[in-house]
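J.: Got a structure here, written out as structure tokens. Questions coming.
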Amino acid sequence: MNTHPAPATRETGGAIAPHLRRLLEFVEPDRDDVCLDVARGRGPMPAALGPQVRHLTAVDAMPAHAPGGHGASGTNGRMSTVEFGTGPVRIADGDTPPAAATREERRPHPLGPDRTLVKADASALPYRDNAFSLVTARFSLYNLGDPEHVLRELLRVCRPGGRVVIADLVRGNLTGPDRDRIERLRDPDHPGTPSIARLTEMITSAGGSIRRLDVFTVERPVEPWLAGSCDDATADRVRRALIDEVDGGPRTGAKPRIIGGELWFTQSWAHVAAEPIP
16 MNTHPAPATR
26 ETGGAIAPHL
36 RRLLEFVEPD
46 RDDVCLDVAR
56 GRGPMPAALG
66 PQVRHLTAVD
76 AMPAHAPGGH
86 GASGTNGRMS
96 TVEFGTGPVR
106 IADGDTPPAA
116 ATREERRPHP
126 LGPDRTLVKA
136 DASALPYRDN
146 AFSLVTARFS
156 LYNLGDPEHV
166 LRELLRVCRP
176 GGRVVIADLV
186 RGNLTGPDRD
196 RIERLRDPDH
206 PGTPSIARLT
216 EMITSAGGSI
226 RRLDVFTVER
236 PVEPWLAGSC
246 DDATADRVRR
256 ALIDEVDGGP
266 RTGAKPRIIG
276 GELWFTQSWA
286 HVAAEPIP
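Under the numbering used here, the first residue of the sequence shown is numbered 16, with each subsequent residue one higher.
Shown next, in the form of structure tokens:
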């Protein structure tokens, strides 16, 4: 297996990391799309997706408990299936979903004249039914309140023939929840990692029809991820547990290894494209 990190590629507005480019290729944005992106805090999607659609609205969403707070078919020219290369995606740019994003919430969003930023409750979006042809949510579904309520809202505001694209962490259907021990040690508010089956089941229960699914392994450096720890002592405990596993100690489920003198670990990510059922 090739262990060299994939290079960043150029897109409108600058360099885009390989994993984000993969998501954009999965989304298949169209120049006629009216897009809604829902995230908690500042994320990369508005800047990456905005130049490729007619209009983009970015929602900086709050959890419901906080204060204040047709898919892929041949008929519309979209792919019925998507195939990607095998092997882990390599992330070296420190993009850390989702806890560390809260540190970025006060930074301005890079929105242009055809892009709008609003604050809203993701479980009660302030838009009429069928308002958007494309709705995206990257690493936000489990951080914005009840994920089933959020999914129903994302599907409600998506027009028939449009698509809702969810990108989030997952675990294999046969993988136990032990993997969440490390995630919760780093971030006590971590909501837990759903299985692939659970994520797709929630989407269908909320009124969506699954059109495409892309599940892949992401290999990333530990240190940028540990920047989202609640304190330095917690980061040290997580780091020690991962190093102990590399040295033959108890398994954490994170599959750590040393690459170029750095400690790396793995996560599983999923992209799901769904269409609202009329």
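Ideal Cβ positions, reconstructed from N, Cα and C, are used throughout, including at glycine.
Would you check if there are 3 or more beta carbon pairs closer than 8 Å linking the segment 44-56 to the segment 68-78?
T.: yes
J.: By how many angstroms is the C-alpha of Glu216 removed from the C-alpha of Pro239?
T.: 32 Å
J.: Suppose you measure from the CA of Ile197 to the CA of Ala212; what does that come to, to the nearest Å?
T.: 22 Å
J.: With a threshold of 8 Å on Cβ separation, who are the neighbours of His205 within its own chain once the five nearest residues in sequence on each side are excluded?
T.: Ala114, Asp195, Glu198, Arg199
J.: Figure out for me which residue from Gly276, Val253, Glu277 has the closest Cα to the Cα of Ala269.
T.: The residue among Gly276, Val253, Glu277 with its C-alpha nearest the C-alpha of Ala269 is Val253.
J.: Okay, do the segment 130-144 and the segment 35-46 touch, 3+ Cβ pairs below 8 Å being the bar?
T.: no
J.: What are the boundary residues of the beta strand (DSSP E) that His286 is part of?
T.: 277-291
J.: For a test of the three-state rule: what should DSSP assign to Ala146, helix, strand or coil?
T.: coil
J.: What residues are listed by DSSP as bridge partners for Thr151?
T.: Asp52, Val180
J.: Does the Cβ-Cβ distance between Cys245 and Pro203 come in under 8 Å?
T.: yes
J.: Using the Cα positions of Arg171 and Asn145, report the straight-line distance between them to the nearest angstrom.
T.: Note on geometry: alpha-carbon atoms of Arg171 and Asn145 lie some 6 Å from one another.
J.: Helix, strand or coil: which one does DSSP assign to Ile273?
T.: When secondary structure is reduced to three states using DSSP, Ile273 falls in the strand class.
J.: Quick check for students: name the residue ranges of the beta strand (DSSP E) that lie wholly in the segment 199-274, counting only runs of 3 or more.
T.: 223-236, 272-274
J.: So, is Glu43 buried or exposed, given that buried needs 16 or more other C-beta atoms within 10 angstroms?
T.: By the 16-neighbour rule on beta-carbons within 10 angstroms, Glu43 is buried.
J.: Work out the CA separation of Ser220 and Phe280 for me, nearest whole Å.
T.: When rounded, the separation of the alpha-carbon atoms in Phe280 and Ser220 is 33 Å.
J.: By how many angstroms is the C-alpha of Leu278 removed from the C-alpha of Ala32?
T.: 20 Å
J.: One question on the structure: do Leu140 and Val74 come within less than 8 Å of each other, judged by their Cβ atoms?
T.: yes
J.: DSSP beta-bridge partners for Met77?
T.: Asp136
J.: Could you say which of Pro265, Val261, Thr267 lies nearest to Ile274 if we only look at CA atoms?
T.: Val261
J.: Measure the alpha-carbon distance for Ile258 versus Tyr157 and round it to whole angstroms.
T.: 29 Å
J.: If you draw a straight line from the C-alpha of Glu163 to the C-alpha of Asp247, how long is it?
T.: 34 Å
J.: Per DSSP, Arg186 forms a beta bridge with which residues?
T.: Ser210
J.: Going by the DSSP bridge assignment, what does Ile197 pair with across the sheet?
T.: For Ile197, which the question treats as bridged, DSSP gives no partner whatsoever.
J.: Just to confirm before moving on: does the CB-CB distance between Leu132 and Val53 stay below 8 Å?
T.: no
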